[in-house]
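See structure below.
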Amino acid sequence: MELATKYSPEAVENRWYEYWMQHKLFHSTPDHRPAYTVVIPPPNVTGVLHMGHMLNNSIQDILVRRARQRGFNACWVPGTDHASIATEAKVVGRLAAQGIQKHDLTREAFLEHAWDWTREHGGIILEQLKRLGASCDWERTAFTMDDERSQSVIDVFVDLYRKGLIYRGVRVVNWDPKAQTALSDEEVIYQEQQGKLYYLRYFVEGEADKYVVVATTRPETIMGDTAVCINPNDERYHFLRGKKLIVPIVGRAVPVIEDEYVDIEFGTGCLKVTPAHDVNDYMLGEKHQLQTIDIFHDDGTLNEHGGAYAGMDRFDVRKKIEADLIAAGLMEKVEDYTNKVGHSERTFVPIEPKLSMQWFLKMEGLAKPALDAVMNDEIRLHPAKFKNTYRHWMENIKDWCISRQLWWGHRIPAYYLPDGSFVVAASDEEALRLAQEKNADLTAADLRRESDCLDTWFSSWLWPITVFAPALSEGNKELEYYYPTSDLVTGPDILFFWVARMIMAGYEFQGKKPFENVYLTGIVRDNQGRKMSKTLGNSPDPLLLIDKYGADGVRMGLIMSAPAGNDILFDESLCEQGRNFCNKIWNAFRLVKGWTGEAAATPQPEASRLASYWMRQVLSKAATELDDLFAKYRISEALTLVYKLIRDDFSSSYLELIKPAYGSPIDETTCREALDFFDEILRILHPFMPFITEELWQNLAERADGESIMNAQQRPAEAYDEAFLARFAAAQEIITTVRSLRTSKNLSPREALGLEASPSYPTELDEVLIKMAGLSAIDRSGVRSEGAVTFVIGTDEFAVPMAAYIDVEEELKKLRADLEYQQKFLAGVEKKLSNESFVSKAPEAVISLERKKKADAESRIATIEQSIRQLSGN
């Protein structure tokens, strides 16, 4: 097959992806080989491909493809997450556009719409991943709400409830007024916000002229105040003991309580206590047995307890009540204030702490084995700097609020009886049986199923288990083969949401860790360091990038700039570099492949023999270094190594060295070796750039139908000749220096130059030097020609006779002027160093710098004087 003169991704990528799929080359079943397993972080069914997905899945694909080539039975399981809050919001929005409100529908009718949405949108992102080259086992595609995963979620809930780890209770939770559901602490993002600090006057009951000032950022919550708290050690407020204060505007008298929780130094030292709308106030309320008054509707408007403000939005109330307090003389002052405000991770609105009946999972016992596993490196985080972050969170873990006031999701398997009690069961039939154990007269019609759903993460924490088997299963062959999984690639932003919880689930339900390693990527930012977002308009469309640069070019652009755990400064020019690199590989292949038809049965030149030996050592060393980099998950550095291997070592050095003279054929031995090296290089590059490597590998030799480079084993690391590589590197320096001299004098590459070497310099690489530097001969007599330019490589001195190509008098004039300058500079430095006052007072770092200047100047003077002697013939 004749290759085009330029690489065309659009002509290659779809064809080879269809080939891989047709031959089921991504599919894995248990066999005699060791398993290498990766589970995809399941993207939301609402999602489309963004740059974070591109990075994350490129890394996974690199790891999986490399594992295949190293003899592992690689299994990469894809899937999607039902994303309760996000999906329900999308469905509600679509219905609203049709003039339909959610609560105008039955739960069953709404869920039909949600399933329609999921069937329509759920697979989009997985199809987009195929454009990237993701080698997932698509036959194993899972969904967190399909029948198998859903049954495990229900079974796990029942199991944990029966173990006493799940309970139901009234607590202050994070409430999302837009989604109208509770959130866990981990779903709250704290953002710095410019606001105000309001100083309100709380008058002492029965004493019209006495008041205390209470500072608050949320004056709209005063309708829920049920106490004012002072520190018992604060002498300023001892006069308040046993008294009550009047809540401004509201007019309600509330008790003064004392508790050391109040910081005397913060604000005014007086704290308004609103137990229904602040978690710390709630704990104070429990301790001091205060009344709780919930003043908010679920949508963030004030309820009947809001008095004149009932029905108004919380932020509108804040503006109105400020004006009303000022008008009533109840506002001491207002100051600008910056504080961190919790926002919903899904809807981005400020959360509202709210007293609510919810379901909780006790976390302390589950957290202990999961903490130990990471701290003792049974599970390794890469980079390890995240261990401290993980430890801090796990040691301060709170019970997980697992209920959500949504319809789309796994419905909590609790059933309420007429007397208000409940039973927990995995099925309606079991629920009725348990209910009848309490009251034999009950029928199915008497039971009411809990309307709340479970937090989305309550299904995805089981993901590494349930993609292979039911969560509570034992003796499952697939689970025993693939679990624990090998590597997890994800972002540090879900280290707690997902990673920590999967670890807990692994130990709780399978008695072992869910994965060996966790590779934490950074956040993809633009080249100005800004996080990519639709709002800023700085996030490119990944599919358009692939259209423009090809999947391999985009993968290279992302990975080259993606050190583990550090943010990625993405620049589209890196994708262009990737595309150009594809063309360089393409052209190298066309050159090598073009030699096969003209190879002759002639002896192998010594320069080619040396080149082949050197290339073998380079490849062996690269394999060793790649093993080390992958073991440390330094994938960006690994790609950089491969890039330089191909661009510099193979293309610029090796191919140039073995290239026959114009019009001459290459010898058979060198031709065969070049093809073998190219095959090996393609295998090394394949995990990073799968499409172009498959195309070239298939064209490198005859292949059977179904053969693929992805199953072509990489050569294992082996010993290499480090000393020879060092000698060859020195020879390359000589070549570079001679070429620079040639360029400086505008000499043609065909103009042969002589090289004078030290008598002790070995002859081993003479043929390489002669061919690559364009030398006529190498003289080891020890005699230096007049007008020769000298240079030192390592411990050996070399000279290139240049008298025929330079104006000696002009060169001497330049050298003498430079010598005079260097001598004056040296005199100035020596004068400074001979000044005892300077030496005794200056910092050691300054003294050291001056001494270095002196040594550099002396070295430069010696070199100039040597060059003057040579040009003068002295």
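Residue numbers (full-length UniProt numbering): 1 to 874.
Heads up, the beta-carbon is just placed ideally off N, CA and C, and yes, glycines get one too.
From a predicted model like this one, the values you see are computed outputs, not experimental measurements.
Which residues DSSP lists as bridging residue i, in chain order
{"i": "Cys270", "result": "Ile230"}
{"i": "Cys575", "result": "Looking at the DSSP assignment, Cys575 forms no beta bridge with any residue, so it has no partner."}
{"i": "Gln193", "result": "Asn339"}
{"i": "Leu454", "result": "Ser403"}
{"i": "Gly754", "result": "Ala777"}
Close beta carbons around residue i, own chain, < 7 Å, minus the five adjacent residues each side
{"i": "Ile709", "result": "Leu682, Arg683, His686, Thr693, Glu694, Trp697"}
{"i": "Ala431", "result": "Tyr415, Val423, Ala425, Leu447"}
{"i": "Asp313", "result": "Gly300, Thr301"}
{"i": "Pro232", "result": "Glu258, Glu260"}
{"i": "Ile351", "result": "Asn174, Trp175, Asp176, Leu183, Val188, Gly342, His343, Ser344"}
{"i": "Glu722", "result": "none"}
{"i": "Ala857", "result": "Gln822, Phe825, Leu826, Val829"}
{"i": "Lys102", "result": "Val92, Leu95, Phe110"}
{"i": "Phe791", "result": "Thr737, Phe798"}
Separation of residue j from residue i, as counted between CA atoms
{"i": "Asn583", "j": "Leu639", "result": "17 Å"}
{"i": "His32", "j": "Ser152", "result": "29 Å"}
{"i": "Ile868", "j": "Thr669", "result": "48 Å"}
{"i": "Ala804", "j": "Ile735", "result": "20 Å"}
{"i": "Ala444", "j": "Leu105", "result": "23 Å"}
{"i": "Asp81", "j": "Ala440", "result": "40 Å"}
{"i": "Glu836", "j": "Val829", "result": "13 Å"}
{"i": "Cys616", "j": "Gln732", "result": "A quick correction: the sequence has Arg, not Cys, at residue 616. Between Arg616 and Gln732, the C-alpha separation is close to 17 Å."}
{"i": "Met532", "j": "Leu543", "result": "16 Å"}
{"i": "Val38", "j": "Glu707", "result": "23 Å"}
{"i": "Phe589", "j": "Ser651", "result": "10 Å"}
{"i": "Ile806", "j": "Arg784", "result": "16 Å"}
{"i": "residue 927", "j": "Phe515", "result": "Residue 927 lies beyond the range of the chain shown here (1 to 874); nothing can be said about it."}
{"i": "residue 921", "j": "Tyr654", "result": "The shown model of the chain, from 1 to 874, leaves out residue 921, and the question about it has no answer."}
{"i": "Arg15", "j": "Lys24", "result": "14 Å"}
{"i": "Phe72", "j": "Ala773", "result": "45 Å"}
CB of residue i within 8 Å of CB of residue j, strictly
{"i": "Val214", "j": "Tyr237", "result": "no"}
{"i": "Glu192", "j": "Ser344", "result": "no"}
{"i": "Asp452", "j": "Ser421", "result": "no"}
{"i": "Phe203", "j": "Leu271", "result": "no"}
{"i": "His305", "j": "Ile295", "result": "yes"}
{"i": "Ile412", "j": "Glu474", "result": "no"}
{"i": "Gln98", "j": "Gln713", "result": "no"}
{"i": "Leu741", "j": "Val808", "result": "no"}
{"i": "Asn517", "j": "His382", "result": "yes"}
{"i": "Phe728", "j": "Trp595", "result": "no"}
{"i": "Gln604", "j": "Asp667", "result": "yes"}
{"i": "Phe496", "j": "Ile465", "result": "no"}
{"i": "Tyr337", "j": "Lys196", "result": "yes"}
{"i": "Pro30", "j": "Lys477", "result": "yes"}
{"i": "Tyr519", "j": "Tyr633", "result": "yes"}
{"i": "Phe691", "j": "Glu120", "result": "no"}
{"i": "Val262", "j": "Cys229", "result": "yes"}
Cutoff 6 Å; reference residue i; Cβ partners in own chain excluding five residues on either side
{"i": "Val618", "result": "Asp649"}
{"i": "Gly52", "result": "Val524"}
{"i": "Ile85", "result": "Ala179, Arg346"}
{"i": "Ile778", "result": "Leu755, Ala757, Asp766"}
{"i": "Phe678", "result": "Val592"}
{"i": "Arg860", "result": "Gln822"}
{"i": "Ala74", "result": "Tyr36, Val64, Ala67, Arg68"}
{"i": "His27", "result": "Asp137, Glu139"}
{"i": "Leu417", "result": "Ala435"}
{"i": "Asp281", "result": "Val273, Thr274, Pro275"}
Residues of its chain near residue i, where Cβ-Cβ distance is below 8 Å and the 5 sequence neighbours each way are ignored
{"i": "Leu129", "result": "Leu49, His53, Asn57, Pro78, Cys136"}
{"i": "Lys513", "result": "Ala373, Glu378, Ile379, Pro484, Ile503, Gly506, Tyr507"}
{"i": "Leu641", "result": "Ala622, Glu625, Leu626, Leu629"}
{"i": "Tyr198", "result": "Ala215, Thr216, Thr217, Pro219, Glu322, Leu325, Met331, Val334"}
{"i": "Gly311", "result": "Thr301, Leu302"}
Which full runs of the beta strand (DSSP E) of 3+ residues lie inside the region 412–440, going along the chain? 414–416, 422–424
Quick one: complete beta strand (DSSP E) runs, 3+ long, within the region 688–739? none
If we require 4 or more residues per run, which alpha helix (DSSP H) segments fall completely within the region 302–381? 314–327, 364–375
In chain order, which beta strand (DSSP E) runs of at least 3 residues are fully inside the region 231–255? 244–246
In chain order, which continuous runs of the alpha helix (DSSP H) of length 4 or greater are located wholly inside the region 615–701? 635–644, 655–658, 668–685, 690–700
Could you give the uninterrupted runs of the beta strand (DSSP E) lying entirely in the region 26–67, keeping only those of 3 residues or more? 35–39
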